[in-house]
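Read in order, the letters of the sequence shown correspond to residues 224 to 663 in my numbering. Backbone N, C-alpha and C fix where the C-beta goes; we use that ideal spot for every residue, glycine too.
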Amino acid sequence: MTIEPNDRLKRARERVESPNATGQPLSRQELAELVNAWIRTHKDRRDDLNANYIGKLETGRIRWPQDPIRREAFRAVLGAATDADLGFQRPRRSRSTVADVDRQQFLRAAVGVTAGAAIARSSLADLLAPSERTPVPATIGMDHVCEVRVAASAFGSWDATYGGGLVREAVTAQLSHCAELLNARCSPAVRRDMLSAVGYLAHVTAFMAFDAYAHDDARRMFDFALLCAENAGDWHLRAKVLSSMARQAIWCGDADGGLTYTELALVRADRLTETEQAMLHTARARALAKLGRVEETAAAVGVADDAFSRSQPDNDPPWMAYYDAAQHAGDTGHALWDTAMHGHFRSEARRRLAAAVAGHDAGHARSRAISQIKLASLVMVTGDPAEAAALGTRALEWSGPIKSRRAADDLRDLRRLARDHDRENGVAELVHRIGGAVAR
């Protein structure tokens with residue numbers, strides 16, 4: 224195979240003036256040292272590129288630096304927008320190994336099915352890997368802020384409908400790219416708005432991780448979202464992030480930690496809208512219920528109801544649009560569910576959960592399914608098991624396209640509760656169907 228020199232890289236190097244010799248182009252060794260310095264400064268990592276390595280790149284012996292950080296450093300030092308501008312080319316596979324592989328073999332490899340002639344998984348990963356990253360602009364404006372907000376809103380809508388299981392990795396990659404925008408030049412006003420936008424996207428990504436039980440990932444992303452909100456002085460985003468952090472803590476068995484998060488968010492409740500206050504008092508009620516503090520739970524639900532009765536949606540930030548009457552009924556119903564399972568406020572918990580199910584539309588399919596599962600579980604324990612079986616069957620049907628481990632665990636709880644009534648009409652069938660739908 225003929226080796227072709229990388230003239231683009233050589234010309235890019237020679238366009239940069241040497242810092243050590245006025246009027247002279249950058250030498251190979253100087254380029255190596257500048258790349259090493261950039262990596263050390265921006266990535267907090269040592270590298271040991273030298274003139275010999277630069278020579279291999281320029282002569283074409285190396286066409287594609289495998290390390291993406293090195294490629295990023297070359298672009299930054301030489302002022303290139305893309306890898307292609309520097310002549311970096313990902314090696315192409317021969318037609319005998321890629322182009323002539325039939326469609327069925329490719330699909331088998333994609334789903335991990337072993338086949339003698341199929342592409343190996345590592346080869347498939349190489350095949351699908353991007354040849355170059357989307358460049359981060361040096362200067363940003365409000366148009367970039369709007370793009371991040373639109374992305375966060377779109378991903379949040381997907382999460383509410385299907386759960387985050389299918390697209391979480393893609394959204395995480397998007398967050399990583401958008402976070403780099405915070406290093407770009409911009410006015411103070413744009414920086415503040417970008418911090419809020421990236422924090423909003425980080426919150427969406429964190430909640431997807433929470434829903435997928437990637438709890439450590441979720442905590443790190445929630446922390447980053449909170450940092451963005453606080454640096455932007457965005458009290459509304461701060462309240463939303465702390466509310467979700469509380470929900471995760473409560474779900475993971477740390478109700479006391481969840482209570483702390485809600486009270487931290489309510490420190491300056493005067494800066495929040497009535498809808499946000501309702502959201503936080505509802506989360507507080509859920510924590511109190513898990514702690515067995517029944518009367519305080521009921522009081523917190525009452526405060527949440529009062530705040531929601533004064534809600535003015537036009538005053539809310541965009542991410543609060545989800546918190547409508549159905550969401551409020553569902554969240555307060557979930558709080559009272561814990562008390563109802565121990566004999567307190569059963570009819571009120573049932574009424575609120577039923578209202579949530581009736582009020583949620585298809586765009587909030589996950590919330591509707593989870594409220595229906597909770598309603599079925601409550602009726603299974605405190606009411607007619609046959610009615611509960613019918614409710615559970617509908618919940619199972621709704622849960623089908625939703626990739627939510629929280630919903631799956633709620634179904635497992637329903638199955639456990641139903642086993643005590645498996646002689647009742649329809650209950651044994653429900654137990655069997657749940658068993659087939661969720662892993663044991």
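Unbroken alpha helix (DSSP H) run spanning residue i, endpoints
| i | result |
| --- | --- |
| residue 422 | 411-434 |
| residue 445 | 438-455 |
| residue 278 | 274-281 |
| residue 401 | 391-403 |
| residue 311 | No alpha helix (DSSP H) contains residue 311, which DSSP labels as neither H nor E. |
| residue 291 | 291-301 |
| residue 655 | 650-660 |
| residue 494 | Where residue 494 is concerned, there is no enclosing alpha helix (DSSP H), given that its DSSP letter is neither H nor E. |
| residue 363 | Where residue 363 is concerned, there is no enclosing alpha helix (DSSP H), given that its DSSP letter is neither H nor E. |
| residue 287 | Segment: none, residue 287 is in no alpha helix (DSSP H) and carries neither H nor E. |
7 Å Cβ cutoff met for residue i and residue j
| i | j | result |
| --- | --- | --- |
| residue 418 | residue 455 | yes |
| residue 422 | residue 448 | yes |
| residue 583 | residue 591 | yes |
| residue 503 | residue 489 | yes |
| residue 587 | residue 383 | yes |
| residue 658 | residue 609 | no |
| residue 654 | residue 643 | no |
| residue 478 | residue 505 | no |
| residue 640 | residue 594 | no |
| residue 280 | residue 255 | no |
| residue 575 | residue 555 | yes |
| residue 484 | residue 469 | yes |
| residue 306 | residue 294 | yes |
| residue 420 | residue 359 | no |
| residue 428 | residue 398 | yes |
| residue 267 | residue 259 | no |
| residue 508 | residue 577 | no |
Residue i classed as buried or exposed, judged by whether at least 16 other C-beta atoms fall within 10 angstroms
| i | result |
| --- | --- |
| residue 626 | buried |
| residue 621 | buried |
| residue 451 | buried |
| residue 336 | Note on residue 336: pLDDT 42, under 50, position unreliable in the model; the coordinate value appears next. Exposed: under 16 other Cβ atoms inside 10 Å. |
| residue 361 | exposed |
| residue 195 | With the chain running from 224 to 663 in the structure shown, residue 195 is simply not present. |
| residue 339 | Low per-residue confidence applies at residue 339: pLDDT is 41, beneath 50, and the placement is therefore not dependable, though the value from the model is reported in the following sentence. With fewer than 16 other Cβ atoms within 10 Å, it is exposed. |
| residue 373 | exposed |
| residue 197 | This structure cannot speak to residue 197, because the chain is shown only from 224 to 663. |
| residue 320 | Any reading at residue 320 is ruled out, since the residue's pLDDT is 40, under 50, leaving its predicted position unreliable. |
| residue 409 | buried |
| residue 240 | exposed |
| residue 265 | exposed |
| residue 515 | exposed |
| residue 238 | exposed |
Nearest neighbour of residue i, chosen from the options [CA to CA]
| i | options | result |
| --- | --- | --- |
| residue 283 | 541, 228, 313 | 228 |
| residue 596 | 568, 560, 570 | 560 |
| residue 236 | 462, 299, 638, 521 | 299 |
| residue 548 | 580, 564, 273 | 580 |
| residue 492 | 623, 293, 477, 465 | 465 |
| residue 376 | 577, 652, 612, 545 | 545 |
| residue 436 | 416, 471, 425 | 471 |
| residue 585 | 428, 381, 540, 522 | 381 |
| residue 475 | 441, 390, 462 | 441 |
| residue 562 | 575, 520, 429, 554 | 520 |
| residue 226 | 286, 573, 469 | 286 |
| residue 416 | 552, 444, 364, 251 | 364 |
| residue 635 | 647, 617, 656 | 656 |
| residue 261 | 424, 302, 245 | 302 |
| residue 458 | 540, 429, 398 | 540 |
| residue 252 | 277, 266, 263 | 277 |
| residue 571 | 536, 443, 525 | 525 |
Distance cut-off 6 Å: residue i Cβ against heavy atoms of the ligand MN
| i | result |
| --- | --- |
| residue 244 | This structure lacks the ligand MN; in fact it carries no ligand of any kind. |
Residue-chain proximity (residue i, chain C), Cβ-Cβ < 7 Å
| i | result |
| --- | --- |
| residue 248 | Of the protein chains in the structure, only one exists, and it is not chain C. |
Inter-stretch contact (C-beta, 8 Å, three-pair minimum) for the segment 531-551 and the segment 488-499: yes
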